[in-house]
Amino acid sequence: MKTNAEVIIIGGGIIGCATAYYLAKRGAEVIVLECSDNIGNGGSSRNGGGVRQSGRDVRELPLVMYGIKHLWPGLSEELGVDCEYRQEGNLRLGKNEKHAQILQKLADNARKAGLDVRMIDGDEVRSINPYLSDEVTVASWCPTDGHANPLTTTLGYYKAARNLGVSFITGERVTALRTVGGRIRQVITEDTVYEGESVLVAAGLDSRPILDSVGIDIPMTKSLLECLVTEAEPQMFGQMLGTADADFYGHQTKHGSFVFGGSSGLERYNKDNGTPVTSSKTAPCICRGIIKYFPDLAKAKIVRTWAGFMDASSDGVPSIGKVDEIPGLYVACAFHGHGFGIAPGAAHQLAQLITTGSTDVDLQDLRYDRYKAVN
Amino acid sequence: MNALSDRSRDIGPFVEKEGDDLLVCRCEEITKGEIRKAVHDGMWTITEIRRYLRAGMGLCQGQTCSKLVKGIVARELGISPAELEPATSRAPMRPIEMRVFAEESKEDHDEN
Numbered sequence: 001m002k003t004n005a006e007v008i009i010i011g012g013g014i015i016g017c018a019t020a021y022y023l024a025k026r027g028a029e030v031i032v033l034e035c036s037d038n039i040g041n042g043g044s045s046r047n048g049g050g051v052r053q054s055g056r057d058v059r060e061l062p063l064v065m066y067g068i069k070h071l072w073p074g075l076s077e078e079l080g081v082d083c084e085y086r087q088e089g090n091l092r093l094g095k096n097e098k099h100a101q102i103l104q105k106l107a108d109n110a111r112k113a114g115l116d117v118r119m120i121d122g123d124e125v126r127s128i129n130p131y132l133s134d135e136v137t138v139a140s141w142c143p144t145d146g147h148a149n150p151l152t153t154t155l156g157y158y159k160a161a162r163n164l165g166v167s168f169i170t171g172e173r174v175t176a177l178r179t180v181g182g183r184i185r186q187v188i189t190e191d192t193v194y195e196g197e198s199v200l201v202a203a204g205l206d207s208r209p210i211l212d213s214v215g216i217d218i219p220m221t222k223s224l225l226e227c228l229v230t231e232a233e234p235q236m237f238g239q240m241l242g243t244a245d246a247d248f249y250g251h252q253t254k255h256g257s258f259v260f261g262g263s264s265g266l267e268r269y270n271k272d273n274g275t276p277v278t279s280s281k282t283a284p285c286i287c288r289g290i291i292k293y294f295p296d297l298a299k300a301k302i303v304r305t306w307a308g309f310m311d312a313s314s315d316g317v318p319s320i321g322k323v324d325e326i327p328g329l330y331v332a333c334a335f336h337g338h339g340f341g342i343a344p345g346a347a348h349q350l351a352q353l354i355t356t357g358s359t360d361v362d363l364q365d366l367r368y369d370r371y372k373a374v375n
Numbered sequence: 001m002n003a004l005s006d007r008s009r010d011i012g013p014f015v016e017k018e019g020d021d022l023l024v025c026r027c028e029e030i031t032k033g034e035i036r037k038a039v040h041d042g043m044w045t046i047t048e049i050r051r052y053l054r055a056g057m058g059l060c061q062g063q064t065c066s067k068l069v070k071g072i073v074a075r076e077l078g079i080s081p082a083e084l085e086p087a088t089s090r091a092p093m094r095p096i097e098m099r100v101f102a103e104e105s106k107e108d109h110d111e112n
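Protein chains in written order, with this note's numbering: chain U, 1 to 375; chain W, 1 to 112.
See the structure below:
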């Protein structure tokens, strides 16, 4: 088993797999270490599949816009796996004046950053999606948003990276990093010491203790989200959906099933024993929300529910880039529950940063050391 | 670390075999050949197979095919089926209508 490479990536989620793929394409030798027995076992396979620009913080907008322009459209063909990418717009729905104000502010900020997103009224919403109930009176509409299949996309990057010679080791938990002569050099696991010239920490929540071993702290916390999926239904609509309150989101998949995510407000207090488990209250709560928006789905059958932890960042956007204090060390974590759609752009730029030292997209606003005390 | 940890271990090339067109997951219509091929694409755990192909993700949630899928994957990897962890079982036990789950109405067969 190989223990030496130019780049060691910690974390076999979509960020780790995709960065490994883009690095291998650039000719780099890469090892990916994944603590779970399964590739993509964290947020990468538990999210709602949004490939969305609207509703995002302007600091991370350039990176996701880069991916949607340059990477997502050809991704299925490139990876040789159906990523089920569908670019038919995002409706962010509102029901009252307070929602309208939230949506207007998000839309104004996004437009300043160069994104085509506009406010529409209830009638226009229903001309785009006739299944929505009259309760919806306002929405923001971003025609270049969409959705994809997080499972096949993550495993597609893994497959393509593996075909390019990347070594993947699963069930391998990293306990510490070690520097040699001031540079990052070693990645230490229970039984093995891996060595690389560069190390990328993309381990979601586990990034914090790993980075802590070399004195870097990125404030993030664990937050549970739940999703559900229905049986296959006839194709009804192609948009990605969200709400002003961010309490509900979802889409219809290529397979015909509807994937919806949401919360009951009780997630922070679940008895999870360290693994993400669903509660009996959340899925019914999501169902109540869905039926109000989509009365036609009342008889759709739920076949499965699941939960995942998001690596919640203290200011809502990820930390991506190189660590100045420790040459050779890079981070990509705290994606705050919306790391899927942004992953191709982030990974592509990280691979460029690691191999050339520069990026096309300015990552300054996503620096790992931006967190400051409030006063 | 276990027998499946090093994903670069050589398991030989994918070779088409008789019986590859047999339907294994009937809900999602996944064949034996597709499952064998997925193993050669790097999907070495039942969870990965499920996420990659949808085998066991349909109406019965794998209650029919999970043992068969395990046997096929184990044979392809040259290991015992006992070394493969089953996929996580997830609620609800049986498909359930949203309006019932939502507790907003009782299951009323007269309406159907």
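Just so it is clear, CB atoms sit at the ideal spot from N, CA and C, and this is done for glycine as well.
Open item on the list: Please report whether the beta-carbon of I96/W lies at a distance below 8 Å from any beta-carbon of chain U.
Closed with: Yes, because at least one Cβ of chain U sits closer than 8 Å to the Cβ of I96/W.
Task: Assigned exposure category for E16/W - 16 Cβ within 10 Å defines buried - done: By the neighbour-count definition (other C-beta atoms within 10 Å, threshold 16), E16/W is an exposed residue.
Task: Cα-Cα separation, G289/U to Q352/U - done: For G289/U and Q352/U, the distance between alpha carbons rounds to 42 Å.
- [ ] Mind reading off the beta-carbon distance from T19/U to I9/U? Whole number of angstroms is fine, and I expect it under 8 Å.
- [x] Between I9/U and T19/U the Cβ distance is about 6 Å, and since that is below 8 Å, they are a contact.
- [ ] Can you check DSSP and say which residues form a bridge with R118/U?
- [x] R118/U is bridged by DSSP to W141/U.
TODO: Return the CA-CA distance between L106/U and A5/U, expressed in angstroms with no decimal places.
DONE: Distance between the alpha carbons of L106/U and A5/U is about 43 Å.
TODO: Indicate the three-state DSSP secondary structure (helix, strand or coil) for E111/W in the structure shown.
DONE: Its pLDDT being 47, under 50, E111/W is placed unreliably by the model, and the measurement read from it follows with that caveat. Annotated three-state conformation of E111/W is helix, per DSSP.
- [ ] Compile a chain-ordered list of the residues in the region 149 to 161 of chain U whose CB is closer than 7 Å to at least one CB of chain W.
- [x] Listed by position along the chain: L151, T152, L155, Y158 and K159.
Open item on the list: Mapping the DSSP letters down to three states, classify F309/U as helix, strand or coil.
Closed with: In the three-state scheme derived from DSSP, where H, G and I count as helix and E and B as strand, F309/U is classed as strand.
Task: Residues bridged to N90/U (per DSSP) - done: C142/U and M240/U.
- [ ] Run down chain W in chain order and give the residues with a C-beta less than 8 Å from the C-beta of P284/U.
- [x] For the C-beta of P284/U, the chain W residues within less than 8 Å are, from N- to C-terminus, F101, A102 and E103.
Task: Residue environment, G58/W, which counts as buried when at least 16 other CB atoms sit within 10 Å - done: By the Cβ neighbour-count rule, G58/W is buried, with 16 or more other Cβ atoms within 10 Å of its own.
- [ ] Using alpha carbons as the reference points, say which of Q101/U, V7/U, E60/U and G48/U lies closest to S263/U.
- [x] Cα-wise, what sits closest to S263/U is G48/U.
Open item on the list: Between the alpha carbons of G379/U and L329/U, how many angstroms are there, rounded?
Closed with: One cannot answer for residue 379/U here, as it falls past the ends of chain U, which runs 1 to 375.
- [ ] For N112/W, count neighbouring C-beta atoms within 10 Å of its own C-beta (all shown protein chains included) and say buried if the count is 16 or more, exposed if not.
- [x] In this prediction, N112/W has a pLDDT of 43, which is less than 50 and means its spatial position is unreliable; nothing more can be read from the coordinates.
Task: Any C-beta of chain U under 8 Å from that of P92/W - done: At least one chain U Cβ lies under 8 Å of P92/W.
TODO: Inspect the CB distances between the region 34 to 41 of chain U and the region 156 to 175 of chain U and report whether three or more fall short of 8 Å.
DONE: As far as the Cβ criterion goes, the region 34 to 41 of chain U touches the region 156 to 175 of chain U, which means the pair count is three or higher.
Task: Outcome for E77/U when other beta-carbon atoms lying within 10 angstroms are tallied against a minimum of 16 - done: It is exposed - the Cβ of E77/U has fewer than 16 other Cβ atoms within 10 Å.
Open item on the list: Residues of chain U with CB closer than 7 Å to the CB of E48/W, please, in chain order.
Closed with: Those within 7 Å of E48/W in chain U are N38, I39 and L155.
- [ ] Assuming L151/U contacts A110/U (C-beta within less than 8 Å), just tell me the rounded distance between them.
- [x] Contact between L151/U and A110/U does not hold, since their C-beta atoms are separated by about 28 Å, which reaches or exceeds 8 Å.
Task: Within chain W, the residues that T221/U reaches when beta carbons sit closer than 8 Å - done: In chain order: nothing, as chain W lies at least about 24 Å away.
Open item on the list: So with CB distances below 7 Å, who are the chain B contacts of T45/W?
Closed with: The structure shown contains no chain B; its protein chains are U and W.
Task: Per-residue DSSP class, three states only, for G256/U - done: Coil.
- [ ] Determine, using beta carbons only, whether S358/U comes closer than 8 Å to chain W.
- [x] Not a single C-beta of chain W is nearer than 8 Å to the C-beta of S358/U.
Task: Near-chain W residues of the region 292 to 305 of chain U (beta-carbon distance less than 7 Å), N- to C-terminal order - done: Within the region 292 to 305 of chain U, the qualifying residues are L297, A298, K299, A300, K301, I302, V303, R304 and T305.
Task: Nearest-angstrom beta carbon gap, S319/U and I218/U [assumed within contact, 8 Å] - done: The beta carbons of I218/U and S319/U sit about 5 Å from each other, so the pair counts as a contact at 8 Å.
Open item on the list: If the cut-off is 7 Å on Cβ atoms, which residues from the region 203 to 227 of chain U count as contacting chain W, listed in chain order?
Closed with: Going along the region 203 to 227 of chain U in chain order, one finds no residue with a Cβ nearer than 7 Å to chain W.
Open item on the list: Three Cβ pairs or more, each shorter than 8 Å: is that satisfied between the region 356 to 371 of chain U and the region 293 to 312 of chain U?
Closed with: Inter-segment contact for the region 356 to 371 of chain U and the region 293 to 312 of chain U is absent: fewer than three beta-carbon pairs are separated by less than 8 Å.
TODO: Look up Y330/U in the DSSP assignment and say whether it is helix, strand or coil.
DONE: Strand.
Task: Below-8 Å beta-carbon distance, Q61/W vs any chain U residue - done: Output row for Q61/W: interface = yes.
- [ ] Could you confirm whether any beta carbon from chain U is found closer than 8 Å to the beta carbon of E83/W?
- [x] It does not; no Cβ of chain U falls within 8 Å.
- [ ] Take L91/U as the anchor and find which of K372/U, W72/U and T144/U has the nearest alpha-carbon.
- [x] Measuring from the Cα of L91/U, the nearest candidate turns out to be T144/U.
Task: Beta-carbon proximity list for R126/U, same chain, < 6 Å, skipping 5 on both sides - done: Result list for R126/U: L132, in chain order.
Task: Beta-carbon neighbours of G171/U, restricted to chain W and to distances below 9 Å - done: Ordered by position in chain W, the residues that pass the 9 Å Cβ test against G171/U are M1, N2, L4 and S5.
Task: With 16 other Cβ atoms within 10 Å as the buried cut-off, status of L266/U - done: By the neighbour-count definition (other C-beta atoms within 10 Å, threshold 16), L266/U is an exposed residue.
- [ ] State whether the region 50 to 61 of chain U contacts the region 52 to 69 of chain W, with contact taken as three or more CB pairs (one from each stretch) at a distance under 8 Å.
- [x] Short answer: they don't touch.
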